[in-house]
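Novice: Chains as they are written, first to last, in our numbering: chain Z, 1 to 215; chain F, 1 to 215; chain P, 1 to 215; chain D, 1 to 215.
Here a beta-carbon is modelled for each residue, glycine too, at the ideal position from N, C-alpha and C.
Since we're looking at a predicted model, the values are computed, not measured.
4 protein chains.
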Amino acid sequence: MSSAPSPAPRRAGGRTGRPRSTEADRAILGATREALVELGWGKLTMGDVAARAGVAKTTLYRRWAGKNELVVDAVAALFDEHLELPDRGCLLADIEGVVLQFAALLERPETKTALMAVVAESTRDNALRERIRSAIVDRQKALVLLGRERAQARGELPLEPDPAGAARTADLIFDVIAGAVVHRTLVSAEPVDAEWARGFAALLVGGLAAAAGGA
Amino acid sequence: MSSAPSPAPRRAGGRTGRPRSTEADRAILGATREALVELGWGKLTMGDVAARAGVAKTTLYRRWAGKNELVVDAVAALFDEHLELPDRGCLLADIEGVVLQFAALLERPETKTALMAVVAESTRDNALRERIRSAIVDRQKALVLLGRERAQARGELPLEPDPAGAARTADLIFDVIAGAVVHRTLVSAEPVDAEWARGFAALLVGGLAAAAGGA
Amino acid sequence: MSSAPSPAPRRAGGRTGRPRSTEADRAILGATREALVELGWGKLTMGDVAARAGVAKTTLYRRWAGKNELVVDAVAALFDEHLELPDRGCLLADIEGVVLQFAALLERPETKTALMAVVAESTRDNALRERIRSAIVDRQKALVLLGRERAQARGELPLEPDPAGAARTADLIFDVIAGAVVHRTLVSAEPVDAEWARGFAALLVGGLAAAAGGA
Amino acid sequence: MSSAPSPAPRRAGGRTGRPRSTEADRAILGATREALVELGWGKLTMGDVAARAGVAKTTLYRRWAGKNELVVDAVAALFDEHLELPDRGCLLADIEGVVLQFAALLERPETKTALMAVVAESTRDNALRERIRSAIVDRQKALVLLGRERAQARGELPLEPDPAGAARTADLIFDVIAGAVVHRTLVSAEPVDAEWARGFAALLVGGLAAAAGGA
DNA sequence: GTGTAACCGAGACGGTACGTCGTGTCTTGAC
DNA sequence: GTCAAGACACGACGTACCGTCTCGGTTACAC
């Protein structure tokens, strides 16, 4: 499921010439994460990343259009590696698990400083927003969707006949889960520990049950 | 409830010298909001703000340490002016109201582009985080606390005897509400309309009721 | 012979009001010389002079139009105090004396750094040039004229009947003496010691004698 | 005899990277002279020079440490181009020639405003003094030395057996010639015309002859 | 004695230039 | 065609001085 290491437009038609160094790709993304940890989004510079990676600036710009795109790819790799949904047997436990997993990712210094920054930039750059969505957000949402399927298979949640309504509900739940974790971590700047996760999961499952019962 | 127009450290003990121009304060904050709308956080520059305000750059730096601090104060004024909680009669309606109000604020272009950017910066700057908290976040949280008090007065929510537990719950609810609205607006980039607000409020009230009943 | 301590336009017609502090005048000129010694012309600032003098910047600008005028007056005071021509008995010794006296003044750090700087500025500012001429140059030239008179009285130099020719000759001799000392001190950056002064005086007296004899 | 166009420290050992633009060198020095003529030393700014040269400020600072160094090199080029000593047949005429040539250079507006300014700065900056000496002063002094050699070859001046004494004498003559011309031009602010040059040359040759005869 | 007008300190003000840094492009020669 | 190196045009940074302008307060002379 890991994305291609080199994201930018590859050779179009031509086939000749020296091929791109895949070593450089890895070194650049690693250097980017390292720089994010040490400097944070605001102080990270392309020149510094290039120097850390032992690479010329030209090599960066050949692959990524700018700092935003580079950072999105660099943190996306982390979401790739660290997000999965082990089956914990019931909806409550699955939500707790996904919440703790999101939180663990957001607590990492590179993610913490980068994620909201690129989201902020994306409010004025649709291409960037799409890149974030496909590289990061959709991966998170997939977990939520998977969790719902499992809960429906277990009979904990009703099957929704209307596909549009089902999508709306899934979006709502996703925004609630991801939003709560992000807000807790970055805005309130307090830890998402097991206790908080338990309380949050209970609240959400309670709400879902009420909605199901009321319907 | 409007915050003092001049945010930075004022003269300590001395009384001499030409006093700071309050006109400049207003012009600068106004110019900052205008520049946020036109240029967005990323392209906003101190020099441009100064020029718009008809003010020298030094006048900005005399009052604010940098772009982050300036922008926090500029958007904080909006939260000051536009957040209140009209009593709509029941908890569900109050939540819907507060959600729509948060969302209206976040949809404004100046808020949209600025808020997550300063939050991102605040992950590496504790002074900035405190400034955001006191200037923006606490104002939001006050609404949530007020809403709970009203619901308790109406008997919709039980009084919590343990003050620590009450604070934890309030924090949880606040992160859920604010987080969901922020995530919907900025990350998912989809509108918070009446329908979404209704669905979200229903989910949350259901969860709260379940928690109250289960206890 | 000491010039008025306060050089700038005094009250025109009015007579009332608080009189200017003569203490401030002295403090400012002293501070200027001190700053010239410590910082040199290039790094000297009006604000720094004001601070050293324990005076507001306004007080400086009430008296002097700018850095150039202030510095000219500050160093002019030194020329006032330290230039005189003791009668050494013969033209050769008088020239040696005046050379050593000029040199001693130019070796002072405040004079060294300031004099050529204001001369350079004066190439584009006629008012400044006039100020330099009357405050500094004319005082030097007076010594040369006095020396010639004495030499003529002693019979070492012939009386020149044509006043225009006399003025031309005096100007030439003045430029030769002052120029040689200035160039030696500031451009060649080597000391004007007794030996150099003797050699120079001998050269000049030889030239004058040849001119007198040839005529 | 023309100096290298690029004055600042060149790359040490490395050979890679884009080479510095020699076109930029020329454009910058030309723009500097132009700015000196139009604005004078005091109003000349690095930014303005860069703009005139169609070059970024960083390109200036890559080559020169500051305004002083840049201006020295810019005017040094003029001394390079315009100083030579045509053989006029006798010492008197040679001195007249060199005086008029020095004067013509000093009358140029760029030289007039710049030369004393950098000399003034050099009183506090030894590196700058050395730069001035090697780029400007030594070129002038070479003419004086050449003139003496010719005069000695012609038998107008005696050969001096003691090399130290010869050097002292040459320095003295150089300071007298250059100093007199500079003082006449910049301090007295009067023209060095043919008549003045004749009078000065006569005075100096008379002095030299007297010294030679007296010895 | 009481105006009152010019002075004084402090320090904020609109400007201009500074010298540095980051961006994204380009130009080398090597591979 | 890619690579490392590094120069390039551009533009923002945050600072330092400039010379001016308020402030509140203080003299000293004229009434």
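Tell me whether Arg-52/D sits in a helix, a strand or coil according to DSSP, three-state version.
Specialist: If DSSP states are grouped into helix, strand and coil, Arg-52/D belongs with the helices.
Novice: Whose CA, out of Glu-23/F, Leu-91/F and Val-72/F, lies closest to the CA of Ala-153/F?
Specialist: For the residues Glu-23/F, Leu-91/F and Val-72/F, the minimum Cα distance to Ala-153/F belongs to Leu-91/F.
Novice: Within its chain, find whatever has a CB closer than 7 Å to the CB of Ser-122/P; leave out the 5 residues flanking it on each side and keep chain order.
Specialist: Leu-128, Arg-129 and Ile-132, listed in sequence order.
Novice: For Val-182/P, which residues of its own chain have a beta-carbon under 7 Å away from its beta-carbon, when the five flanking residues on both sides are left out?
Specialist: Cβ within range, chain order: Leu-106.
Novice: For the alpha helix (DSSP H) that Thr-59/D lies in, which residues bound it at each end?
Specialist: Thr-59/D -> alpha helix (DSSP H) spans 57 to 63.
Novice: Are the C-beta of Thr-113/D and some C-beta of chain P separated by less than 8 Å?
Specialist: Yes, contact with chain P.
Novice: Taking its Cβ as the centre, do 16 or more other Cβ atoms sit within 10 Å of Arg-33/D, making it buried, or is it exposed?
Specialist: So Arg-33/D counts as buried.
Novice: Roughly how many whole angstroms lie between the Cα atoms of Ser-21/D and Ala-51/Z?
Specialist: Rounded to whole angstroms, Ser-21/D to Ala-51/Z spans 25 Å at the Cα level.
Novice: I'd like the span of the alpha helix (DSSP H) that includes Gly-147/Z, first residue to last.
Specialist: Where Gly-147/Z is concerned, the enclosing alpha helix (DSSP H) stretches over 138 to 154.
Novice: Tell me, to the nearest whole angstrom, how far the beta carbon of Ala-93/Z is from that of Ile-136/Z; I am working on the premise that it is less than 8 Å.
Specialist: The pair is not a contact, with the Cβ atoms about 25 Å apart (cut-off 8 Å).
Novice: Using a Cβ-Cβ distance under 8 Å, would Ser-134/F count as near chain Z?
Specialist: So no, Ser-134/F is outside the interface.
Novice: Would you mind telling me which residues of chain Z sit closer than 7 Å to Met-46/F, beta carbon to beta carbon, in chain order?
Specialist: Those do not exist, as Met-46/F stays about 15 Å from chain Z at its closest Cβ, beyond 7 Å.
Novice: Can you give me the start and stop residues for the alpha helix (DSSP H) that Arg-33/F sits inside?
Specialist: First-last of the alpha helix (DSSP H) with Arg-33/F: 22 to 43.
Novice: Determine the chain P residues that contact Ser-188/D at a beta-carbon separation under 8 Å, and present them in chain order.
Specialist: Within 8 Å Cβ-Cβ: Val-137, Asp-171, Phe-174 and Asp-175.
Novice: With distances taken Cα to Cα, identify the nearest neighbour of Leu-83/P among Glu-69/P, Ala-194/P and Val-99/P.
Specialist: For the residues Glu-69/P, Ala-194/P and Val-99/P, the minimum Cα distance to Leu-83/P belongs to Val-99/P.
Novice: Alpha carbon to alpha carbon, how far is Arg-150/P from Leu-157/P?
Specialist: Spanning the two alpha carbons is a distance of roughly 9 Å.
Novice: Whole-angstrom Cβ separation of Leu-172/Z and Gly-207/F, contact assumed at under 8 Å?
Specialist: 13 Å between Cβ atoms; not a contact.
Novice: Using Cβ-Cβ distances below 9 Å, what residues of the segment 188 to 210 of chain Z are close to chain F?
Specialist: Answer set for the segment 188 to 210 of chain Z: Ser-188, Ala-189, Glu-190, Glu-195, Trp-196, Gly-199, Phe-200, Ala-202, Leu-203, Leu-204, Val-205, Gly-206, Gly-207, Leu-208, Ala-209 and Ala-210.
Novice: Hey, out of Val-176/Z, Val-71/Z and Asn-68/Z, whose CA is closest to Val-144/Z's CA?
Specialist: Nearest option by C-alpha distance: Val-176/Z.
Novice: Output the distance between the C-alpha atoms of Arg-62/Z and Val-55/Z, rounded to the nearest integer angstrom.
Specialist: Distance between the alpha carbons of Arg-62/Z and Val-55/Z: 12 Å.
Novice: Which value, in whole angstroms, describes the spacing of the CA atoms of Val-37/F and Asp-87/F?
Specialist: About 32 Å.
Novice: So, does the CB of Glu-121/D fall closer than 8 Å to a CB anywhere in chain P?
Specialist: Output row for Glu-121/D: interface = yes.
Novice: Taking C-alpha atoms, which residue in Gly-42/Z, Thr-59/Z, Val-205/Z and Gln-101/Z lies nearest to Glu-81/Z?
Specialist: Answer by Cα proximity: Gln-101/Z.
Novice: In chain order, what residues of the same chain have a beta carbon less than 7 Å from the beta carbon of Ala-178/D, not counting five sequence neighbours either side?
Specialist: Hits under 7 Å: Phe-102 and Gln-140.
Novice: For Ala-201/F, which residues from the same chain have a beta carbon less than 6 Å from its beta carbon, with the 5 sequence-adjacent residues on both sides left out?
Specialist: Leu-92, Ile-95 and Glu-96, listed in sequence order.
Novice: Given this structure, state the Cα-to-Cα distance separating Arg-148/D from Gly-155/D, to the nearest angstrom.
Specialist: Whole-angstrom Cα-Cα distance: 10 Å.
Novice: I'd like to know if Trp-41/P contacts chain D, where contact means its C-beta is closer than 8 Å to some C-beta of that chain.
Specialist: So yes, Trp-41/P belongs to the interface.
Novice: Which first and last residues belong to the alpha helix (DSSP H) in which His-183/Z is found?
Specialist: Careful: His-183/Z lies outside any alpha helix (DSSP H) and carries neither H nor E.
Novice: Please give the ranges of any beta strand (DSSP E) in the segment 76 to 127 of chain P, keeping only runs that are unbroken, at least 3 residues long and fully inside the region.
Specialist: Qualifying beta strand (DSSP E) stretches: none in this window.
Novice: CB Ala-120/P to CB Thr-113/D, shorter than 8 Å?
Specialist: Contact: yes.
Novice: So the candidates are Glu-195/F, Ala-212/F and Trp-64/F; which of them puts its Cα closest to the Cα of Gly-165/Z?
Specialist: Closest by alpha carbon: Glu-195/F.
Novice: Determine which residues of the segment 64 to 85 of chain D have a Cβ less than 7 Å from any Cβ of chain P, and write them out in chain order.
Specialist: Within the segment 64 to 85 of chain D, no residue has a Cβ that lies closer than 7 Å to any Cβ of chain P.
Novice: Please confirm whether Ala-180/P and Ala-180/D have their CB atoms less than 8 Å apart.
Specialist: Contact flag set, yes.
Novice: Measure from the alpha carbon of Val-72/Z to the alpha carbon of each residue in Arg-18/Z, Glu-110/Z and Ser-188/Z, then state which is nearest.
Specialist: Closest option to Val-72/Z, Cα to Cα, is Glu-110/Z.
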